Amino acid sequence: MGKNLLQALFENSDTDSDVNEEDYSLVPEQSQCRIGTVDYLTFGNVNFKIVEDTSKGCGGKIWESASVIVNHILHVSKLQPNFFQNKNFLEVGAGTGMAGLVLAQTAANLNQQCCVAITDLEYCLSIIQTNLELNLDENGKKNCLINELKWGLEIPKILDKSYDYILAADCVYLESLFDLLIQTFKDLCPINSKTQIILVSKKRRRADKKFLVKLKKFFYVEEVY
Ligand SMILES: C[S@@+](CC[C@H](N)C(=O)[O-])C[C@H]1O[C@@H](n2cnc3c(N)ncnc32)[C@H](O)[C@@H]1O
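Just so we're aligned: 215 in the working numbering is position 195 of the sequence shown, and the numbers increase by one with no gaps anywhere.
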């Protein structure tokens, strides 16, 4: 039986001030609450301003891996003409939505139509919508779908389709979520499908290795450090 390709990009880090080893709630509170902070970012030829609000959970701010994922996809897209055209992307744990939104607008700027499903827990959806309204033109918006997706639960009907790419930025951070996230990857990637998962995460603690060990039972994993 074929396994789906999963590219796992890890950044090395011994310490991380945002997530503590002891923090095992689903969405740990942030030590310093950032409300209404705006990050200005440029990717290729798109300029973005992203509103952040960490009052409800860790997804309310941009994590470093989100930019790594965007730059990786933009790099791949430059090597293939019409890369975005008719492709289906799904971002899990999208937080502010920055990665998925940049990809949707980049495709629109290239006159390419795709579907970028930007998903997270319910508390993130309004901030993703705010960032969509702030940054995307009408064609960029047509490339987007914002919907709740809780890891480990049944995939909502609207998201239940075949994806070319599944994106996960900094979603490996709590051991209690590992099995739930892997279950969602399995549900989204039927065996022998061509779906590729691009997972980027900061290497935080020993437990992260357990995540890779578990993943390798179900996916062909290509590690890039
Ligand atoms: C560390 S943040 C990363 C956010 C974003 N990907 C980034 O890189 O900026 C992890 C994200 O996973 C989401 N998350 C945590 N538990 C989840 C679950 N059970 N189902 C879906 N999303 C979850 C959080 O809400 C948060 O947005």
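For each residue, glycine too, the CB sits at the ideal point set by N, CA and C.
Remember, predicted model here, so these are calculated numbers, not experimental data.
Exercise for review: Give the DSSP-derived three-state secondary structure of residue 185 in the structure shown.
Suggested key: strand
### Task
Measure from the alpha carbon of residue 79 to the alpha carbon of each residue in 94, 115 and 58, then state which is nearest.
115
task: Leaving out five residues on either side along the sequence, give the residues of the same chain with a beta carbon under 6 Å from the beta carbon of residue 220.
output: 29, 85, 88, 89 and 189
Quick check on residue 114: does DSSP put it in helix, strand or coil? coil
Can you tell me whether residue 85 sits near ligand 1, meaning its C-beta is under 7 Å from at least one heavy atom of the ligand? yes
Q) To which residues does DSSP link residue 69 through a beta bridge? A) 60
Given a threshold of 16 other Cβ atoms within 10 Å of its Cβ, counted over all protein chains shown, does residue 185 qualify as buried or as exposed? buried
- prompt: Hey, which unbroken runs of the alpha helix (DSSP H) at 4 residues or more fall wholly within the region 86-166?
  reply: 118-129, 142-155 and 158-162
message = Between 66, 236 and 177, which has its C-alpha nearest residue 198's C-alpha?
response = 236
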